[in-house]
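Residue numbers (the working numbering): 9 to 108.
What follows is the structure, encoded as structure tokens:
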């Protein structure tokens, strides 16, 4: 009976220690998972910043290119409109000359 009284508290201490070790191990695993997630998200953020920088540069270049094209096309429209006006005038003159 005396031996049983000594063994029960030792067994209970062993069970409590094992439970505590599992709890600590679980907490350490969660901390490790959070650390890994943090490292992964930092890498992904950096990759996104690089991709956004490249996209932003492309947008700026395209914007400049399109502005140039719009300017050129505007000048072409003015030139062609003037040419159309002259040709319409020529048509009117030639029509009058034929009709006279």
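Cβ atoms here follow ideal geometry from the backbone N, Cα and C, with glycine treated the same way.
Since the structure is predicted, the reported quantities are computational estimates derived from the model, not experimental observations.
If you draw a straight line from the C-alpha of residue i to the C-alpha of residue j, how long is it?
i	j	result
residue 47	residue 53	10 angstroms
residue 70	residue 78	12 angstroms
residue 89	residue 97	12 angstroms
residue 95	residue 101	10 angstroms
residue 73	residue 64	14 angstroms
residue 33	residue 59	39 angstroms
residue 51	residue 85	50 angstroms
residue 49	residue 55	10 angstroms
residue 30	residue 37	10 angstroms
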